[in-house]
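Peer 1:
Protein chains: 2
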Amino acid sequence: MNNIFDNIPECLDSELFEELIQNDKLKIERIISRGHNSLKSNWYDQDQNEWVMLLKGEAVLLFEDQSSIKLKKGDFINIPGHKKHKVKWTAPNIETIWLAVHY
Amino acid sequence: MNNIFDNIPECLDSELFEELIQNDKLKIERIISRGHNSLKSNWYDQDQNEWVMLLKGEAVLLFEDQSSIKLKKGDFINIPGHKKHKVKWTAPNIETIWLAVHY
Chain A
1 MNNIFDNIPE
11 CLDSELFEEL
21 IQNDKLKIER
31 IISRGHNSLK
41 SNWYDQDQNE
51 WVMLLKGEAV
61 LLFEDQSSIK
71 LKKGDFINIP
81 GHKKHKVKWT
91 APNIETIWLA
101 VHY
Chain B
104 MNNIFDNIPE
114 CLDSELFEEL
124 IQNDKLKIER
134 IISRGHNSLK
144 SNWYDQDQNE
154 WVMLLKGEAV
164 LLFEDQSSIK
174 LKKGDFINIP
184 GHKKHKVKWT
194 APNIETIWLA
204 VHY
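Heads up: the sequence lines are chains A and B, in that order.
Each residue of the first sequence is one higher than the one before, starting from 1 at the first, in the working numbering.
Each residue of the second sequence is one higher than the one before, starting from 104 at the first, in the working numbering.
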């Protein structure tokens with residue numbers, strides 16, 4: 001048994017992606033951000049759907065139509081495959097912990 | 104967007120199972136318990152694997168070999184298909200919120 005809030009690195013040069021479960025049907029991962037965003041990167045444009053929930057912290061997702069959505073603890077959203085998105089903002093001084101299910 | 108901690112019923116005669124995502128590959132569900140257990144029911148004996156995380160509350164899972172495991176907020180465990188288990192105990196006075204991914 002593990003705990004989703006354990007083993008948070010003190011130093012995070014970039015967002016941290018950790019696979020919790022991976023098989024041919026799905027991937028469950030924990031993502032940790034601390035002030036990171038992906039504005040300078042390409043859009044996330046994924047073949048699979050992504051169900052994502054914020055477990056701690058705060059974040060803003062940006063979509064290709066320039067709409068954005070703010071997420072706080074417990075908020076979840078389903079992002080269909082190929083719905084382009086970026087991470088616009090995450091809280092700067094605390095870690096933001098995401099649970100993502102790619103399916 | 105929804106929040107996993109919202110819309111908790113005041114009265115829970117039995118555990119509440121709510122599908123968040125369902126397709127032919129996986130099901131993501133929220134389960135709410137408040138003092139419930141499944142000791143008088145048959146073992147859960149599922150074809151699919153189940154990845155489960157406790158988001159609030161406390162619970163004890165019992166396995167067929169009589170081992171048990173206590174879960175608190177943030178704890179997660181992967182239960183392979185056909186690993187028989189029951190819910191032995193959940194906290195009596197607060198709701199216990201589970202996130203389960205069946206895959």
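Quick reminder that beta carbons are idealized off the backbone N, C-alpha and C, glycines included.
Mapping DSSP to helix, strand and coil, what is MET53(A)?
Peer 2: Strand, per DSSP.
Peer 1: Spell out the partners DSSP gives SER171(B) in its beta bridges.
Peer 2: LEU165(B).
Peer 1: Quick one: using the 10 Å Cβ neighbour count with 16 as the cut-off for buried, is HIS139(B) buried or exposed?
Peer 2: By the neighbour-count rule (16 or more Cβ atoms within 10 Å), HIS139(B) is buried.
Peer 1: With a Cβ-Cβ cutoff of 8 angstroms, do LEU123(B) and ARG137(B) count as a contact?
Peer 2: Contact flag unset, no.
Peer 1: So what's ILE94(A) in DSSP terms, helix, strand or just coil?
Peer 2: It is coil, neither helix nor strand.
Peer 1: Which residues in chain A have a C-beta closer than 7 angstroms to the C-beta of TRP154(B)? List them in chain order.
Peer 2: The contacting residues are ILE21 and ILE28.
Peer 1: My output table needs one value for ILE77(A): the three-state DSSP class, helix, strand or coil.
Peer 2: Looking at ILE77(A) - three-state DSSP - the assignment turns out to be strand.
Peer 1: Between ASN78(A) and chain B, is any beta-carbon pair separated by less than 8 angstroms?
Peer 2: Yes, ASN78(A) counts as interfacial toward chain B.
Peer 1: Between the Cα of LEU61(A) and the Cα atoms of VAL101(A), ASN49(A) and LEU39(A), which residue gives the shortest distance?
Peer 2: Of the candidates VAL101(A), ASN49(A) and LEU39(A), the one whose C-alpha sits nearest the C-alpha of LEU61(A) is LEU39(A).
Peer 1: Using the DSSP secondary-structure output, state which residues sit across from LYS27(A) in a beta bridge.
Peer 2: According to DSSP, LYS27(A) bridges with GLN22(A) and HIS102(A).
Peer 1: Any beta carbon of chain B sitting closer than 8 angstroms to that of TYR103(A)?
Peer 2: It does: the Cβ of TYR103(A) has a partner Cβ on chain B nearer than 8 angstroms.
Peer 1: Under 8 angstroms between C-beta atoms, does ASN2(A) make it to chain B?
Peer 2: Yes - at least one Cβ of chain B is within 8 angstroms of the one on ASN2(A).
Peer 1: Give the DSSP-derived three-state secondary structure of TRP43(A) in the structure shown.
Peer 2: Here TRP43(A) sits in coil by DSSP.
Peer 1: Sort out for me which residues DSSP pairs ILE32(A) with in a bridge.
Peer 2: Paired residue(s): LEU16(A) and ILE97(A).
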